[in-house]
Amino acid sequence: MNPESSETYINHPTWGLLYRICMVDENQDLFTTLYAQRLFFLVTTELKVLKFQSIGRTEARMMLENRLRTLRRSGNSHEYELLQNVFQCTFQ
226 MNPESSETYI
236 NHPTWGLLYR
246 ICMVDENQDL
256 FTTLYAQRLF
266 FLVTTELKVL
276 KFQSIGRTEA
286 RMMLENRLRT
296 LRRSGNSHEY
306 ELLQNVFQCT
316 FQ
């Protein structure tokens, strides 16, 4: 996963192509299914191994809201605006 890339996709063994919504932690990213955006996964990278954890829509929304708060506090307005658009499209 490339943190500098604006769009990141990975292939899940069962659910197919996943789209990266945002970074959650240093080695964790929030992904969703590409087309339906109904299934969410917390993907952890450890020593070039991807670990997929299925999470609910409510938990994914809370993670995204926390990331938005962090960006707002840090003053990163460009990334905040981009992520706010993703939030609007995904959860509203």
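The sequence shown lines up with residues 226 to 317 when you count with the working numbering.
Idealized CB from N, CA, C, for every residue including glycine.
Fair warning: this is a prediction, and the values are worked out from it, not measured in the lab.
Note down, in chain order, each residue of its chain lying with its Cβ closer than 8 angstroms to the Cβ of residue i, except the 5 sequence neighbours on either side.
i: E271; result: N252
i: E172; result: Past the edges of the chain, shown from 226 to 317, lies residue 172, and the structure says nothing about it.
i: V311; result: I246, C247, L289
Using a 10 Å radius around the Cβ and a threshold of 16 neighbouring Cβ atoms, would you call residue i buried or exposed?
i: C247; result: buried
i: F266; result: buried
i: R292; result: buried
i: L242; result: exposed
Which same chain residues end up closer than 7 angstroms to residue i when comparing Cβ atoms and leaving out the 5 residues on each side of it in sequence?
i: W240; result: T258, L264
Going by the CB atoms, is the gap between residue j and residue i shorter than 7 angstroms?
i: D250; j: V268; result: no
i: R298; j: Y305; result: no
i: Q262; j: T315; result: yes
For the alpha helix (DSSP H) containing residue i, name the first residue and the last one.
i: L308; result: 302 to 316
Locate the beta strand (DSSP E) running through residue i, then write down its first and last residues.
i: R245; result: 241 to 250
i: S279; result: 274 to 280
With a CB to CB cut of under 6 angstroms and the five nearest residues on each side skipped, what residues in its chain are close to residue i?
i: R286; result: F316
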